[in-house]
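Here the sequence shown stands for residues -18 to -1, 1 to 262, where the numbers follow mature numbering (1 follows the signal peptide of the UniProt record, and there is no 0).
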Amino acid sequence: MKSICISVLLLFAVTSLAQEAGKAGELLKNEASKTEIGSVNNKKSGVNGKNNPGFRNQGNSGFRTNSPQYRWNQEYGYSEVFLRIPEQGFFSVEIGDQFISNNSGKFRFFDLPAGRIPISIYESGYLLYRTTLNVRNNSRLVLDFFTNEGLFLLDSYPVQSYGFNSWNDIWNNPYGNSGNINYPNVMDNQTFQQFMDTMKDRAWFDDKKLAFINQQGRHAMFTSEQISMLVKDLSFDKNKLALAKSLFPKCVNKQKYFIVGEALDFESSRKELMDYISKL
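As structure tokens, then:
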């Protein structure tokens, strides 16, 4: 009798601590119409992703070309979405131009562009739910979905550094292209975002921003992408050019410094920057 009582108490404790659908997170509204719910997903090609310029296959007619165009260093985005469906069944999840199907209930999407991205959820090919996610740059959204409750946004986390500055380095290094892995003192994405946010809070004008960058960043190294963002944040092209010149020695991937040139407003400034670099 004593063992039975103990078993009942343990069962009660486990069930009371178990997660309950709909008790955590922000419920995201189901945007699928009544006529769409239950419709079969007969897609034969990718999603065009017209609402977000970061999607890869915009305007794709569904046919492969005989002469494909390769984009070795194209950056599509560094945001992520992790979705869990803790129910039995075969589900499919579509986010932007990515589509994953499995019966494990865990869906992990990487390399997503920032912005408003549509998400659709299917069970055995039938549409259950559709809404829009607001994905921020370098962030990971974590969600739970329950067929009877809906889609819940549990939290958003900054994407941590994976030990390299660009996903492209993983593929490009075997070709002999030098990557930017493990440079000392280079800012990871999270630290750099904090650096940018602090600068915007403390400095509103170009002279204050330049002073902040020179003072706070004197012991740090930057990537070409980070320097480009700093340059773009300035208002006047002469100040942008001055900053682009001064930060060149602190760049860890100088072979990509042309990215910084694109942040300048005038072609004459871009030429002056390239001439300056070529003489160093």
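C-beta: ideal position from N, C-alpha, C; glycine also.
Source: prediction; values computed, not measured.
ask   = What first and last residue would you give for the beta strand (DSSP E) that runs through Y60?
value = Neither: Y60 is in no beta strand (DSSP E) and is coded neither H nor E.
message = Going by DSSP in three states, D126 sits in which element: helix, strand or coil?
response = strand
message = Going by beta-carbon coordinates alone, are Y104 and N12 separated by less than 9 Å?
response = no
key: Separation of E131 from K88, as counted between CA atoms   = 18 Å
inquiry  = For E62 and I101, which I take to be in contact (beta-carbon distance under 8 Å), what is that distance rounded to the nearest angstrom?
reply    = Actually they are not in contact, since the Cβ atoms of E62 and I101 sit about 13 Å apart, beyond 8 Å.
query = By how many angstroms is the C-alpha of D219 removed from the C-alpha of F248?
reply = 7 Å
key: Secondary structure of residue 281, DSSP reduced to three states   = With the chain covering only -18 through 262, there is no way to say anything about residue 281.
inquiry  = Along the chain, where does the beta strand (DSSP E) containing V75 start, and where does it finish?
reply    = F73 to I77
ask   = Could you check where the alpha helix (DSSP H) with D137 kicks off and where it finishes?
value = Taken as a continuous stretch (DSSP letters only), D137 belongs to no alpha helix (DSSP H), being part of the beta strand (DSSP E) at G132 to P140.
ask   = Is it true that the CB of A202 sits closer than 9 Å to the CB of K232?
value = yes
request  = To the nearest angstrom, report how far apart M256 and K222 are at their CA atoms.
outcome  = 14 Å
request  = Hey, could you find the ends of the alpha helix (DSSP H) F177 is sitting in?
outcome  = N171 to R184
message = For F127 and D188, what's the separation of their Cα atoms in angstroms?
response = 46 Å
message = Going residue by residue through the stretch 197 to 250, where are the continuous beta strand (DSSP E) segments of at least 3 residues, counting only ones entirely within it?
response = none
request  = Give the single residue among K238, F230 and A245 whose Cα lies nearest to the Cα of N217.
outcome  = Looking at the sequence provided, one finds Ser at residue 217 rather than Asn. Ranking the options by Cα distance to S217, first place goes to A245.
message = Suppose the cutoff is 6 Å on Cβ atoms and the five residues either side in sequence are ignored; what does the same chain contact list for T114 look like?
response = R98 and P100
key: Rounded separation between residue 263 and R118 - CA only   = For residue 263 there is no data in the structure shown, the boundaries of the chain being -18 and 262.
query = For N171, does the count of other Cβ atoms within 10 angstroms reach 16, so buried, or fall short, so exposed?
reply = buried
message = Here's the rule: buried if 16 or more other CB atoms are within 10 angstroms of the residue's CB, otherwise exposed. What is residue 279?
response = The requested residue 279 does not occur in the structure, where the chain is confined to residues -18 to 262.
request  = Ignore the nearest five residues each way along the sequence and tell me which others in A3's own chain have a CB closer than 6 Å to its CB.
outcome  = F128 and E131
key: Limits of the unbroken beta strand (DSSP E) element including K5   = Careful: K5 lies outside any beta strand (DSSP E) and carries neither H nor E.
key: Close beta carbons around A14, own chain, < 7 Å, minus the five adjacent residues each side   = L109, Y111 and R112
task = Please work out which residues of its chain come closer than 7 Å, Cβ to Cβ, to A96, disregarding the five sequence neighbours upstream and downstream, and give them in chain order.
result = G59, S61, V117, R118 and N119
ask   = If you run the structure through DSSP and keep just helix, strand and coil, what is K253?
value = helix
message = Is it buried or exposed, A6, if we count other Cβ atoms within 10 angstroms and call 16 or more buried?
response = exposed
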